[in-house]
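Comments concern the structure below.
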Amino acid sequence: MAKLNDGDSMKDKGLRIQGLSKTYPNGVAALKEINLEIPRGMFGLLGPNGAGKSSLMRTIATLQDADEGSIYLDDLNVFENKEALRRTLGYLPQDFGTYPRTSPLVMLNHLAVLKGIGSKVERRELVERLLVQTNLWDVRKSNIDTFSGGMRQRFGIAQALIGDPGLVVVDEPTAGLDPTERRRFHNLLAQIGEEVVVILSTHIVEDVSDLCPRMAIMGEGRILVEGEPQEMIKRLEGRLWKKIVAWDEVAAIKKILPVVSTRMVAGKIEIRVVARTCPDEDLVETPPTLEDVYFATLEKHGVQVEWD
Ligand SMILES: Nc1ncnc2c1ncn2[C@@H]1O[C@H](COP(=O)(O)OP(=O)(O)OP(=O)(O)O)[C@@H](O)[C@H]1O
Ligand SMILES: [Mg+2]
């Protein structure tokens, strides 16, 4: 059994990842000595494409092995007890692949059988509750392969919640959803009990700021920073400056100022700069957001992101 920190009570544990590394056979080092403590509640894993989020989540879900390191869920050594982990896991993969030509009613019932819920009555109650909760009741007998993206993701979370999981892993669940469906999905996630460890990966900053009391930013296989979103934002206070410029000025400005992001504001370009003191008299101080934290963190660690 791994040494867990200083006799914490059970409720303070959660998921503990220690020294996790993974290099794929093609030589890509997707995870590089990941150390992370994820308490109960919603945890946001934010990172650009290729950061290693799905690799980490698949490893937590025991779908792939790491080269090195360990994962504990409370006192459970995950790699040595994969079956036990799977029994308490709800997993929504990033790519669900093809959808069955069957209804959510039939599919959820089938998955509940696989999860070991033997009683027919219990299963029916559970499936009906999940269909209502995910707003799929009216389409419970329709084919899943005819569903819109939002409906598919709601079905995805319904199947992940079968059997009262203690660990829920959802990999980029809001990508491609319209604002209404995204809000619906957020509401569903927010209903999962506080005693469950929920890990949400995303590259959408608002997913994290809306939902997660704790988060980490990942880039190029590493955890770059970890903590509370509000705390991270606070650390940038008084250090963020902005200015509206013309398109053709951007490249030259980037050479002399530590620009962390550029964005369109009413058809013009706003540059945002992190510096301890005002680096140029044309710049005005501006309150930081979680998006600024995200870009500033990637910039600081030299993680390349395409934003213009
Ligand atoms: N099965 C695999 N074999 C080889 N390389 C892989 C495999 N899966 C992922 N990779 C590579 O590992 C790196 C991390 O990929 P991963 O899918 O974990 O990132 P991600 O953060 O989930 O990205 P995205 O936001 O695009 O989903 C990438 O360079 C990717 O190309
Ligand atoms: Mg991914």
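Residue numbers (my numbering): 1 to 308. We put the CB at the ideal spot given by N, CA and C, even for glycine.
Next item on the list: Could you check if ASP8 is buried or exposed, using at least 16 other CB atoms within 10 Å of its CB as the buried criterion?
Entry: Unreliable positioning characterises ASP8 in this predicted model, as indicated by a pLDDT of 47, which lies under 50. A coordinate reading is not provided.
Checklist line | For ARG184 and GLY163, the rounded distance between their alpha carbons | finding: Their backbone Cα atoms lie some 22 Å apart in a straight line.
Next item on the list: Under 7 Å from any heavy atom of ligand 2, by CB: list those residues in chain order, please.
Entry: Close to ligand 2, as judged by a C-beta nearer than 7 Å to any of its heavy atoms, are the residues LYS53, SER54, GLN94, ASP171, GLU172, SER201, in chain order.
Checklist line | Contacting residues, own chain, Cβ-Cβ under 8 Å from VAL113 (five flanking each side not counted) | finding: Here the set comprises ARG123.
Next item on the list: Could you have a look at SER142 and say whether DSSP puts it in helix, strand or coil?
Entry: Correct three-state label for SER142: coil.
Notebook entry, point to check: LYS268 bridges to which residues according to DSSP?
Noted result: The partner list for LYS268 (beta bridge, DSSP) reads VAL265.
Next item on the list: Please say whether ILE253 and ILE271 have beta carbons closer to each other than 8 Å?
Entry: Their beta carbons are under 8 Å apart, which means ILE271 touches ILE253 by this criterion.
Margin query: Would the region 234-243 count as touching the region 263-279 if we require 3 or more Cβ pairs under 8 Å?
Written below: Touching, yes.
Note to self: Assuming VAL196 is part of the beta strand (DSSP E), what are its boundary residues?
What the structure shows: Taken as a continuous stretch (DSSP letters only), VAL196 belongs to no beta strand (DSSP E), as it is neither H nor E.
Check: Any idea which residues DSSP pairs LYS300 with across the strands?
Finding: According to DSSP, residue pairing for LYS300 in a beta bridge does not occur.
Notebook entry, point to check: What are the boundary residues of the beta strand (DSSP E) that includes GLY41?
Noted result: 41-46 is the extent of the beta strand (DSSP E) around GLY41.
Notebook entry, point to check: Per DSSP, GLY90 forms a beta bridge with which residues?
Noted result: Listed as beta-bridge partners of GLY90 by DSSP are VAL168.
Notebook entry, point to check: Can you name the start and end residues of the alpha helix (DSSP H) that SER392 belongs to?
Noted result: This structure cannot speak to residue 392, because the chain is shown only from 1 to 308.
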